Amino acid sequence: MKENNFQKKELVTDIQDRLNGNNIIAIASGKGGVGKTTLGVTLAQAFSQKGMKVLLFDGDLGLANIDTHLNMTPTETLDNVIQMNDPLHLAVTHEPTINCDVISGHSGKQSLAGLNGAQLKLLTDDLLILATYYDKVIIDLGSGIYENILQLAQCAKNCLVLITNTPTALTNAYQFIQLLSHENPAKEIGIVVNMADTVHEGEQTYQTFLTALKTFLHIEPKLKGIIHYDSMVKKSLQEQTPLLCFSPSSQAAQDILKIEENLSSKN
Ligand SMILES: Nc1ncnc2c1ncn2[C@@H]1O[C@H](COP(=O)(O)OP(=O)(O)OP(=O)(O)O)[C@@H](O)[C@H]1O
Ligand SMILES: [Mg+2]
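Okay, structure coming up:
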């Protein structure tokens, strides 16, 4: 009896944690084309390979592209569900290649990008409830620093911000973090450096970025990983095959598996 009560309490705490978005990771960058979808898809598959139940949510509200990366034809899209006022779970498609559930957007549709604050609040509330059924939810955010992207990022406890060693990527990532941390100073932000030529270069990129964040925003997000520049990433996208299926031993795949371990060991 005592054991039953203990288990019930643990379950309630777990559900409350999930309703707070503790199992949700948002992937952002500010600038486009930095590697968000590649990281999102590969991380989702890495979590799934560890036995977790994973939902991958295409939060690129105007130019959704998870379905292109995975060469999948979703049975239902986020766009349709919102237009029909249907519950979000109806937009879930299971994608066997990565063994994850996916909620796909619809590229080129303005209706999602143009959701107003109240509509987006309904969507994020629905997502938080749906997220209680999963061990991990990964949101692949759109590029830019628009209000709807920031609002979507707010439902995740953890936000991974992807940077590369270019002035535009660093400036846009800084602007994104500035707005996100202003709206929610408690947000757990982690940095991932992508397309690094060497670990040393990746660490230097992180340190330069960190100096700016410390000096002007007074925050010190941790480095969650460095992903090497790897031609296999582009090839896997050309083949529309997830990186962990196309080339699991490639440097970039190994780097992302390390990020998964890093995230799992701290959660
Ligand atoms: N580590 C890497 N090494 C080499 N190429 C990479 C790496 N990461 C991403 N790329 C390439 O960069 C391009 C953009 O990647 P991806 O689509 O994942 O970025 P994104 O941030 O999601 O872009 P968007 O803002 O358009 O959604 C792709 O051609 C991808 O193959
Ligand atoms: Mg993308």
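With this note's numbering, the residue at position 258 of the sequence shown is 258, and numbering never jumps. Ideal Cβ positions, reconstructed from N, Cα and C, are used throughout, including at glycine. All values reported here derive from a predicted model rather than from experimental measurement.
Using the rule of at least 16 other Cβ atoms within 10 Å of the residue's Cβ for burial, across every protein chain shown, is residue i buried or exposed?
i	result
residue 15	exposed
residue 268	This structure cannot settle anything about residue 268, because the visible part of the chain is limited to 1 through 267.
residue 272	With the chain covering only 1 through 267, there is no way to say anything about residue 272.
residue 74	buried
residue 211	exposed
residue 199	exposed
residue 10	exposed
residue 182	exposed
residue 215	exposed
residue 143	buried
residue 260	buried
residue 94	exposed
residue 122	exposed
residue 231	exposed
residue 221	buried
residue 118	exposed
residue 264	exposed
residue 90	exposed
Who are residue i's beta bridge partners in DSSP?
i	result
residue 222	190
residue 24	137
residue 58	140
residue 81	Bridge partners of residue 81: none, in fact.
residue 196	228
residue 92	103
Report the three-state DSSP secondary structure of residue i (helix, strand or coil).
i	result
residue 156	coil
residue 98	coil
residue 105	coil
residue 52	coil
residue 202	helix
residue 162	strand
residue 145	coil
residue 34	coil
residue 255	helix
residue 241	coil
residue 215	helix
residue 40	helix
residue 170	helix
residue 210	helix
residue 120	helix
residue 73	coil
residue 181	helix
residue 65	coil
residue 247	coil
residue 280	A question about residue 280 goes unanswered here, because the residues of the chain that appear run from 1 up to 267.
residue 29	coil
residue 86	coil
residue 115	coil
Closer than 7 angstroms to a non-hydrogen atom of ligand 2 - does that hold for the CB of residue i?
i	result
residue 140	yes
Under the criterion of a Cβ to heavy atom distance below 7 angstroms, does residue i qualify as lining ligand 3?
i	result
residue 242	Here the bound small molecules are ligand 1 and ligand 2; ligand 3 is not part of this structure.
Around ligand 1, what residues have a beta-carbon under 6 angstroms from a heavy atom of it, in chain order? 29, 32, 33, 34, 35, 36, 37, 38, 60, 65, 143, 194, 195, 227, 229, 230, 233, 234, 237, 252
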